[in-house]
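Quick note, the sequences are listed as chains A and B, same order.
Numbering of the first sequence is given in the working numbering, commencing with residue 124 and proceeding in unit increments.
Numbering of the second sequence is given in the working numbering, commencing with residue 124 and proceeding in unit increments.
Each remark here refers to the structure printed beneath this line.
Protein chains: 2
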Amino acid sequence: MLENVRIVMVETSHPGNIGAAARAMKTMGLSDLRLVQPQSYPSVEATARASGAGDVLEAAQVCNSVDEALEGATLVIGTSARQRRIPWPCLTPRQLAAQLSHDLANAPQDTRIAVLFGREDRGLTNDELRRCNLHVSVPANPEYGVLNVASAVQLISYELRLALLGDDFELQESRSRREVMPLPEMFWDEPPATNEAVSGFLDHLEKVMAQSGFLNPQQPGQVMTRMRRLFMRARPDKMEMSILRGVLVALEKKMQRDEGR
Amino acid sequence: MLENVRIVMVETSHPGNIGAAARAMKTMGLSDLRLVQPQSYPSVEATARASGAGDVLEAAQVCNSVDEALEGATLVIGTSARQRRIPWPCLTPRQLAAQLSHDLANAPQDTRIAVLFGREDRGLTNDELRRCNLHVSVPANPEYGVLNVASAVQLISYELRLALLGDDFELQESRSRREVMPLPEMFWDEPPATNEAVSGFLDHLEKVMAQSGFLNPQQPGQVMTRMRRLFMRARPDKMEMSILRGVLVALEKKMQRDEGR
């Protein structure tokens, strides 16, 4: 269904942004890119920033007008950072994605969606925005809400991917069995330990494990990685770290005292 | 609450990405940026790409090591495009945002969150990833899932903003959405330990703690309750239990051998 979605960039000034948008699209599984009167294209900078998405960039269609870029579209979405004088139906990217996922699930063959992205300095014109069925606006810092155009392409493509394909990790990518590991609740009686405190404890634990003869420092294998993972995911609090440190100190003293006899 | 979140970029090669990340952060209301050994910084390119986020860029702290960048952090998140040999708890950005929003709502003063972003070409090292409590991975095209680092900063900052501040347009809806966020499911390489195994380990730990002299069996206080809570919430797997049992056995032998001299 992602193939029904087209990204249209209008009069982009910086070719780097075109390449970055192509890359953003490909990471989310989109491939239909149209460029309306790009200021400088093709360009070495666009190719560099596209990185592994050179195919999307090369297949991009350069258009003379927005009309040409919108050819065949059944639903046109305009991205906008601010509300215009006459307010349009305006969705967040998440609401838009939910809407499109609904449309596409019901009539995939008939739906051709185009999402318009405006110029770096002034976005889409009022005229261009009026040609859209819906507007989409990214919830942002009211003091500075101007996203880079390729970042906006990334965000909206991401929301579309999640709405259309779900956000599960690829099952087959994992060679291991699936287990459920719930995260700890954090209604807590003690403040969390700092990262330095946990690191210091893990170094200390390693030392005591070596002293005990359990850990061979020459052939440590994956033992400390596994211990690290256990304690990192448990997210110890300050009191727990202090108890465990106390135990390690007591064990060291006991082993030294006994050795010294 | 967004001020509790720090973005850490590790050994970034392209200064443009640093500027773009600063801009991405500011659009989402984040401002705490730390740069671990950036290849070329300060830089005209970073400043240009930061656009209106020059203040975030100028306030960025350059650090000599990841340790320095993580100073004071109570929760460290590593961004990663792939599963490593020993899988870590790994969330999607949306699951992460739900989790952090929960943590911050309950203990805002104590929580300092650092999100680590790796090098453009090879991400974070295994060693760096092992220092994280959680990993986060963006659901992406399995054929090409390599997001630009500034795009990744944008996406994760966006998810955090939405989870923490809600959606500008429909606050109530986004709040209720957050509450129904399902617990993340994890991929794990080892089956979980049984409850008996963890109980047996805790009894054994108590014995060794008493032998070491740390724990007074006549006045145990809450120490074992705290140890029990720590290990129960971590939900150890079989391999972890087997390592920890091995360590306890080695410690006992060492203490007995030394005493018997």
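Note that beta-carbon positions come from the ideal geometry of N, C-alpha and C, so glycine has one too.
GLU313(A) and VAL133(B) have their C-alpha atoms some 31 Å from each other.
Listed along the chain, the chain B residues whose CB falls inside 7 Å of the CB of PHE337(A) are GLY369, VAL370 and ALA373.
Under the Cβ criterion of 8 Å, GLY152(A) is counted among the residues facing chain B.
Contact between the region 198 to 218 of chain B and the region 164 to 183 of chain B is not established, with fewer than three Cβ pairs separated by less than 8 Å. Listed by position along chain A, the residues whose Cβ is nearer than 7 Å to that of GLU363(B) are ARG349 and LEU353. Shown in chain order are the members of the region 129 to 156 of chain A whose Cβ falls below 7 Å from a Cβ of chain B: ALA143, ARG146, ALA147, LYS149, THR150, MET151 and GLY152. Between GLN160(B) and GLY195(A), the alpha-carbon positions lie close to 49 Å from each other. With a cut-off of 8 Å on Cβ pairs, the region 261 to 275 of chain B is in contact with the region 140 to 148 of chain A, counting three or more such pairs. Counting the other Cβ atoms within 10 Å of the Cβ of LYS376(A) gives fewer than 16, which makes it exposed. By the rule that beta-carbons nearer than 8 Å mark a contact, ALA320(B) does not touch chain A. Secondary structure of GLY201(B) (DSSP, three-state): strand. For a Cβ distance threshold of 7 Å, nothing in chain A lies close to VAL272(B): the least Cβ distance comes to about 11 Å.
Scanning its chain for C-beta atoms nearer than 6 Å, with the 5 sequence neighbours on each side dropped, one finds around ALA237(A) the residues ARG129, VAL131, LEU193, ALA196 and VAL199, in chain order. The beta carbon of ASP381(A) lies closer than 7 Å to none in the same chain, with the five residues before and after it left out.
Not a single CB atom of chain B sits nearer than 8 Å to the CB of LYS330(A).
Annotation for MET355(A): VAL321 place their beta carbon closer than 8 Å to its own, counting only its chain and skipping 5 residues before and after. Chain B places a beta carbon closer than 8 Å to that of THR317(A), counting this residue as a contact.
Interface with chain B (8 Å Cβ-Cβ cutoff): ASN249(A) is excluded. Rounded to whole angstroms, the separation of the alpha carbons of LEU223(B) and GLY336(A) is 40 Å. For GLU266(B) and ARG284(A), the gap between their C-alpha atoms comes out near 14 Å.
Non-local C-beta neighbours of ARG349(B) in its own chain, meaning closer than 7 Å and more than five positions away in sequence, are absent. The distance from the Cβ of GLY152(A) to that of LEU180(A) is about 16 Å, inconsistent with a contact at the 8 Å cut-off. In the three-state DSSP reduction, GLY175(B) falls in the helix class (H, G or I). Nearest to VAL370(B) by alpha-carbon distance, out of SER203(A), ASN339(A), ARG157(A) and THR135(A), is ASN339(A). In this structure, the alpha-carbon of ALA220(B) lies about 35 Å from that of GLU251(A). Separation of PRO262(A) and THR248(A) (C-alpha to C-alpha, rounded to the nearest whole angstrom) is 20 Å. Around the beta carbon of GLY344(B), a 10 Å sphere encloses fewer than 16 other beta carbons of the protein chains shown; the residue is thus reported as exposed. By the rule that beta-carbons nearer than 8 Å mark a contact, ILE366(A) touches chain B. Closer than 8 Å to the CB of VAL346(B) there is at least one CB belonging to chain A. Chain-ordered, the chain B residues with CB closer than 7 Å to the CB of MET378(A) read LYS377, MET378 and ASP381. For ASN264(A), the nearest beta carbon of chain B is closer than 8 Å to its own beta carbon. The beta carbon of LEU278(B) sits closer than 8 Å to some beta carbon of chain A. Contact between ARG253(B) and ARG351(A) holds: CB atoms are separated by about 5 Å, below the 8 Å threshold. The C-beta of ASP233(B) comes closer than 8 Å to at least one C-beta of chain A.
In this structure, the beta-carbon distance from LEU214(B) to LEU156(B) does not fall below 8 Å. Taking 8 Å as the threshold, the shortest C-beta distance from ARG245(A) to chain B does not fall below it.
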